[in-house]
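Chains as they are written, first to last, in the numbering used here: chain A, 409 to 752; chain B, 409 to 752. Ideal Cβ positions, reconstructed from N, Cα and C, are used throughout, including at glycine. The next block holds one structure in the form of structure tokens; read it before the comments.
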């Protein structure tokens, strides 16, 4: 079910599209690896191997990157507070992935067996809980409760978004406003809090913290819309997952809304039936229609609009150190969307 | 699987055995009800009804009671800090119950449909996550990070204990030391942190906080051993669950260890096979043997030993306001164990 962003996977060895903009983060990411590796000791000996299995290093780590970039000072600056915050958002994200994979009965993630396949669903539920609990424990090591408060609230909102999505699966009366709300909660929230924490913990003033916060939220919405488009237009061998799963699993996303709007009235019923799961999904037909009817263009515009809103949040602060780096993440996302367009 | 303590349920309307000692907590429990009810507003509107379903008021609330009792000043004193802490430990407990019921595929809890039956497993996993996240969010409202740190660490330990129990289910080579470790983590931990928080937040000195902490841990171990004995000797209509489930589900508990020790060598293999699930469990036979071979007595002694250790923790502080109330909880537990003994 819930297709968290990182179900779009770069197979090991192939650089992900964000590798360029994130390459300047090598020292920070190395520090994050060291920090996460050191956390194993904090877990009870009996579950360390399982935790280690989950804390792999092959993810894109977009959320940690946003923490580092939004608190950017200079290439050599590796702030322990930012490393800790990056570990916290990554652990929360990993916990949601472990739980998502249980619910999706997913076999593989990042080309390895999922935790649920490796350890069974019972242990996987508890392992996700333990990862999340440890993230909050790390948050409690800051001098004030601000990080605990921000991370726990974000997590609750992510869960709420996923619950709504789950309950509305297969519902053909989902409204665009509900879709917007779901992706705002399930995806944009953790992007937002990553940018908030990076700015706050690097000592930025309230104005810039607020701007970074808004940037993160819009970037997260843009990212999820991109991910929903990639579900139809990605190349399977590139993104490492089966295409068309949203349609097959009854998840009404923006590309499907846009297609529904553009289909002749007499053709809408069959698409509704595919979403509702009462007839087999025909992803190839739907992709063809999406191209013919301008759905790709419309969704690309929606991503561009959100990236523009993200950019606008930083417009007053062009001279701050993080600003150009954050803007470049938006650029990469736009180029990713463009690269989904079939050639010829 | 994981039989958390409160799977021992008093049906609605019937007072639970702890009602006497907890009756003096009426003002505090009423404040807790009000507080928990007020928390619904904090959840996203879409999930409030589901959260409300989980935050019912029919549980025994032993953990909140321990918070209030370990921070006891006088009958009229209702401390907002203790109410908040009581809500936190109860929400963490409720979250673990929601997740336990998924893994056990349990249909009923407290004579109502479980969250997993009511909302489905996917929503139930996420709902448990949201309850836990909100508990930590409440913890972040204290002036310092101490409560966040204590609660998040406890939660991780509870999960670790449940993971170990899950992985070792059906294992006939589980050692008594492993059993001790499992119940220390999965049950005693939350009892301990409840007593720690009550004492700390009521302003007790470090010596008494430490004593309360140790009391809670030993009481929790005693409680779990009682619960494991009740799984064989409880009256079904009284405790509201099927008896002998630990044996049937391959969970090696102290009564089974004690029985194994006392069975003639040539009879041990068949019990091992029942634990391993390769032959049908025979709980009635095992209960009969437990009585004949002195297992009930031995397990009762084990509970008494832990209650004694709990009492010893408070021995230096007889004059402190919480002390007599905490000791009386131990007394009630001992009388509960005694009441399990079959008459005649």
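Test item: CB-CB of residue i and residue j under 8 Å
i	j	result
residue 610 of chain B	residue 490 of chain B	yes
residue 578 of chain B	residue 683 of chain B	yes
residue 542 of chain B	residue 502 of chain B	no
residue 628 of chain B	residue 600 of chain B	yes
residue 737 of chain A	residue 429 of chain A	yes
residue 547 of chain B	residue 604 of chain B	no
residue 439 of chain B	residue 497 of chain B	no
residue 655 of chain B	residue 691 of chain B	yes
residue 560 of chain B	residue 545 of chain A	yes
residue 597 of chain A	residue 565 of chain A	yes
residue 652 of chain B	residue 640 of chain B	yes
residue 623 of chain A	residue 473 of chain A	no
residue 550 of chain B	residue 553 of chain A	yes
Opposing strand residues paired with residue i [DSSP bridges]
i	result
residue 516 of chain A	A/521
Contacting residues, own chain, Cβ-Cβ under 6 Å from residue i (five flanking each side not counted)
i	result
residue 729 of chain A	480 and 481
residue 711 of chain A	630, 633, 634 and 745
residue 699 of chain A	none
residue 470 of chain B	none
residue 808 of chain A	Residue 808 of chain A falls outside the range modelled here, since chain A spans only 409 to 752, and no answer is possible.
residue 444 of chain B	463 and 495
residue 576 of chain B	582
residue 731 of chain B	722 and 725
residue 514 of chain B	522
Assigned secondary structure, residue i (DSSP; H/G/I helix, E/B strand, else coil)
i	result
residue 426 of chain B	coil
residue 527 of chain B	helix
residue 577 of chain B	coil
residue 727 of chain A	coil
residue 413 of chain A	Because the pLDDT at residue 413 of chain A is just 37, under 50, the model does not fix this residue reliably, and the value given afterwards should be weighed accordingly. In this structure, residue 413 of chain A counts as helix in the three-state DSSP scheme.
residue 737 of chain B	helix
residue 687 of chain B	coil
residue 484 of chain A	coil
residue 594 of chain B	helix
residue 542 of chain B	helix
residue 548 of chain A	coil
residue 451 of chain A	coil
residue 745 of chain B	helix
residue 463 of chain A	coil
residue 420 of chain A	For residue 420 of chain A, the pLDDT reaches just 38, beneath the cut-off of 50, and the residue's location in the model is therefore unreliable, although a value from the coordinates is still provided. It is coil, neither helix nor strand.
residue 702 of chain B	coil
residue 479 of chain B	coil
residue 395 of chain A	Residue 395 of chain A is absent from the structure shown; chain A starts at 409 and stops at 752.
residue 751 of chain B	coil
residue 435 of chain A	helix
residue 584 of chain B	helix
residue 679 of chain B	helix
residue 553 of chain A	coil
residue 671 of chain B	coil
residue 722 of chain B	coil
Own chain partners of residue i with C-beta closer than 7 Å, once the 5 adjacent residues on each side are dropped
i	result
residue 476 of chain B	433, 436, 490, 494 and 606
residue 506 of chain B	462, 523, 532, 535, 536 and 539
residue 636 of chain B	654, 661, 662 and 663
residue 526 of chain B	461
residue 719 of chain A	735 and 738
Cut-off 8 Å between Cβ atoms - residues of its own chain near residue i, not counting five sequence neighbours on either side
i	result
residue 671 of chain A	679, 697 and 701
residue 703 of chain B	663, 666, 667, 670 and 697
residue 423 of chain A	In this prediction, residue 423 of chain A has a pLDDT of 45, which is less than 50 and means its spatial position is unreliable; what the coordinates show is noted afterwards. Closer than 8 Å at Cβ, skipping near neighbours: no residue.
residue 457 of chain A	none
residue 589 of chain A	569 and 572
residue 376 of chain B	Here chain B has residues from 409 to 752 only, and residue 376 of chain B is not among them.
residue 740 of chain A	425, 426, 428 and 429
residue 688 of chain A	682
Closer than 7 Å: residue i CB and nearest the ligand ZN heavy atom
i	result
residue 594 of chain B	In the structure shown, the ligand ZN is absent, as is every other ligand, since no ligand is present at all.
Go through the stretch 598 to 664 of chain B residue by residue and report every complete run of the alpha helix (DSSP H) that reaches 4 residues or more, in order. Every alpha helix (DSSP H) of 4 residues or more that sits fully in the stretch 598 to 664 of chain B is shown, in chain order, as 614 to 641, 644 to 647 and 653 to 656.
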